[in-house]
Amino acid sequence: MMDFTEEEYKEIAAQLRKPEGEFGEIVAEKMNDGNLLMNKNTIKALDISEGESILEIGMGNGFFVKDILSSANNVKYIGCDYSEDMVRLSENVNQAFLADGSALFFHSTANKLPVENHTVDTLFTVNTLYFWEDHSAILSEFKRVLTRKGRLVIALRPAEVMELYPPTKYNFDFYTKQEAAELMEKHGFKITEIQEFEEPPVEREGKSFNPKHLVLISENNTA
């Protein structure tokens, strides 16, 4: 495996947070590969029904949009990303869905979404929790756009796994399963299920280990 300097790890960490430019495109492709099982399991957990409105925070280059829209008939998808480059790539990858009106993409932060109040049936996000700077603002915004009893699904790798990836020492926040669940409950989301998955072994800095990921499924608990 290739060895990286600390400066290179810092750059990779920055790109994982906000992929930009040519290197960002490469990182986005690598994330599609490395997070394939995680995304597949998350989309399955969404349990999408006909006619639902789905909002994804941090869709990257939009590779998995096709899987969401093929889950049921008449699904409407909105993707929001912090990176303008990822929005552009998502639009290029999903031109047919843009043309038929089943998908829309926006450049936005998670705490200020271009979505009307209480119009989203399910909001989900994969591997973004580590980067949230204001949990209250972001989760309040999620509650604003979700319907009453709308679902929030958050996928992440737990702290004991994240600490094994060298770039994550730079501006990543780690969460145990309990910490992630408590965060959601604290901000008015009722946990209905936590799914845990073990992945095939990978090697990092000469050590082999089995990554795992969590999918936390919750319900908007607004009265």
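Residue numbers (numbering that gives the first Met the number 0): 0 to 222.
C-beta: ideal position from N, C-alpha, C; glycine also.
Item to check | Where Phe3 sits in the DSSP three-state scheme | outcome: The residue given as residue 3 occupies position 4 in the sequence shown. Assigned with DSSP and collapsed to three states, Phe3 falls in coil, not helix or strand.
Checklist entry - Using the C-alpha atoms, what's the distance from Glu132 back to Lys206? => result One-based indexing of the sequence shown puts residue 206 at position 207. One-based indexing of the sequence shown puts residue 132 at position 133. In this model, Lys206 and Glu132 are separated by some 31 Å (Cα to Cα).
Checklist entry - Could you give the residue range of the beta strand (DSSP E) that holds Glu197? => result Residue mapping note: residue 197 aligns to position 198 of the sequence shown, counting from 1. DSSP places Glu197 inside the beta strand (DSSP E), whose first and last residues are 188-197.
Checklist entry - In the DSSP assignment, what are the bridge partners of Ser207? => result Looking up residue 207 in the sequence shown gives position 208. Looking at the DSSP output, Ser207 bridges to Glu202.
Checklist entry - Beta-carbon separation of Phe123 and Leu45 under 8 Å? => result Position 124 of the sequence shown holds residue 123. Position 46 of the sequence shown holds residue 45. Contact flag set, yes.
Checklist entry - Among residues of its own chain, excluding the 5 on either side of Ala13, which ones have a beta-carbon nearer than 7 Å to its beta-carbon? => result For the purposes of this step, residue 13 is taken as the residue at position 14 of the sequence shown. Nothing listed; no residue qualifies.
Item to check | Endpoints, beta strand (DSSP E) assigned at Thr41 | outcome: By 1-based counting over the sequence shown, the position of residue 41 is 42. Careful: Thr41 lies outside any beta strand (DSSP E), inside the alpha helix (DSSP H) at 35-45.
Next on the checklist: Going by beta-carbon coordinates alone, are Gly61 and Leu88 separated by less than 8 Å?
Outcome noted: By 1-based counting over the sequence shown, the position of residue 61 is 62. By 1-based counting over the sequence shown, the position of residue 88 is 89. With respect to Leu88, Gly61 sits close: the two C-beta atoms are nearer than 8 Å.
Next on the checklist: Going by DSSP, what residue range makes up the beta strand (DSSP E) through Lys227?
Outcome noted: This structure cannot speak to residue 227, because the chain is shown only from 0 to 222.
Checklist entry - Where does Thr167 sit, in a helix, a strand or coil, going by DSSP? => result The sequence position of residue 167 within the sequence shown is 168, counting from 1. Assigned with DSSP and collapsed to three states, Thr167 falls in helix.
Item to check | Cβ neighbour criterion (16 or more within 10 Å) applied to Leu95 | outcome: Taking the sequence shown and counting its residues from 1, the one referred to as residue 95 is at position 96. Here residue 95 turns out to be Ala, not Leu, going by the sequence shown. Under a 10 Å Cβ-count criterion, Ala95 is classified as exposed, with fewer than 16 other Cβ atoms of the shown protein chains found around its own Cβ.
Checklist entry - Can you give the beta carbon distance from Leu145 to Asn219, rounded, assuming they're within the 8 Å contact cut? => result Mapped onto the sequence shown, residue 145 falls at position 146. Mapped onto the sequence shown, residue 219 falls at position 220. Confirmed, about 5 Å.
Checklist entry - Excluding five sequence neighbours on each side, which residues of the same chain lie with their C-beta closer than 7 Å to the C-beta of Asn38? => result As a working mapping, residue 38 is identified with position 39 in the sequence shown. Cβ within range, chain order: Phe63, Val125.
Checklist entry - What are the start and end residues of each continuous alpha helix (DSSP H) run of 4 or more residues lying completely inside the region 117-159, in chain order? => result Within the region 117-159, the complete alpha helix (DSSP H) segments at least 4 residues long are 134-144, listed from N- to C-terminus.
Checklist entry - From which residue to which residue does the alpha helix (DSSP H) around Leu68 run? => result In the sequence shown, residue 68 corresponds to position 69, counting from 1. Membership of Leu68 in the alpha helix (DSSP H) is indicated by the continuous run 64-68.
Item to check | C-alpha distance - Glu6 paired with Pro165, whole-angstrom precision | outcome: Here residue 6 is taken as the residue at index 7 of the sequence shown, counted from 1. Here residue 165 is taken as the residue at index 166 of the sequence shown, counted from 1. One Cα belongs to Glu6, the other to Pro165, and the distance between them is close to 11 Å.
Next on the checklist: Quick check: what's the CA-CA separation for Gly57 versus Glu51?
Outcome noted: Translated into the one-based positions of the sequence shown, residue 57 becomes position 58. Translated into the one-based positions of the sequence shown, residue 51 becomes position 52. Between Gly57 and Glu51, the alpha-carbon positions lie close to 19 Å from each other.
Checklist entry - What residue does the alpha helix (DSSP H) around Glu184 start on, and which one ends it? => result Numbered from its first residue, the sequence shown carries residue 184 at position 185. Unbroken alpha helix (DSSP H) run through Glu184: 176-185.
Item to check | DSSP-derived helix/strand/coil call for Phe22 | outcome: As a first step, residue 22 is located in the sequence shown; it is residue number 23 there, counting from the start. Under the three-state reduction of DSSP, Phe22 is assigned to helix.
Next on the checklist: Can you find the residues in the same chain that come closer than 6 Å, C-beta to C-beta, to Pro199, ignoring five residues on each side of it along the sequence?
Outcome noted: As a position in the sequence shown, residue 199 is number 200, starting the count at 1. Once the five neighbours on either side are set aside, Pro199 has no close Cβ partner at all.
Item to check | Where Ala247 falls: helix, strand or coil (DSSP) | outcome: No answer is possible for residue 247: the residues shown for the chain start at 0 and end at 222.
Checklist entry - In terms of alpha-carbon separation, which member of Tyr174, Glu159, Glu184 lies closest to Leu138? => result As a working note, residue 138 is residue 139 in the sequence shown. Of the candidates Tyr174, Glu159, Glu184, the one whose C-alpha sits nearest the C-alpha of Leu138 is Glu184.
Item to check | Collapsed DSSP secondary structure at Asn31 in the structure displayed | outcome: Here the question's residue 31 lines up with position 32 in the sequence shown. For Asn31, the three-state secondary structure derived from DSSP is helix.
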